[in-house]
Amino acid sequence: MAKKSIVVKDMQHCMICGSPYIQIHHCFYGTANRKISDKLGLVVPLCQEHHTGNNGVHFDRQLDMLVKTIAQGAFEKKIGSREDFMRLFGRSYL
């Protein structure tokens with residue numbers, strides 16, 4: 612089942628390179644944060660290389676922070692305040 616995202620409109624292509632071979636990435640991971648990300652649509656499509664590859668969000672802190680800041684911006688624009696975000700995730704990435 613395709614996930615809904617408030618971060619990107621196109622869930623069929625990697626948000627970094629445009630590849631159509633995607634995996635769903637929860638912008639904020641860890642058990643509790645993954646569930647919140649799912650519920651709020653804080654998910655993005657990433658190809659294998661940008662997800663779990665050597666240049667992926669799980670190994671490249673700069674790319675991980677980029678995705679988190681974009682996701683937080685989408686949250687603040689569409690769902691709630693920075694304080695609401697910090698209550699849910701424990702910190703701000705902006």
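If you read the sequence shown in the working numbering, its first letter stands for residue 612, the second for the next number, and so on. Every residue gets a Cβ at the ideal spot worked out from N, C-alpha and C, and that includes glycine. On a predicted model such as this, the values are computed, not experimentally measured, just so you know.
Asked: Alpha carbon of residue 692 to alpha carbon of residue 684, nearest angstrom; Found: 10 Å
Asked: Collapsed DSSP secondary structure at residue 657 in the structure displayed; Found: strand
Asked: Per-residue DSSP class, three states only, for residue 683; Found: helix
Asked: Among 643, 642, 670, 638, nearest to residue 656 - alpha-carbon criterion; Found: 638
Asked: Proximity below 7 Å, CB of residue 682 to CB of residue 618; Found: yes
Asked: Span separating the alpha-carbon of residue 694 from that of residue 688; Found: 13 Å
Asked: Residue 612 in three-state terms, based on DSSP; Found: The predicted position of residue 612 is uncertain, since its pLDDT is 44 and thus under 50; a value taken from the coordinates is nonetheless stated next. Looking at residue 612 - three-state DSSP - the assignment turns out to be coil, as it is neither helix nor strand.
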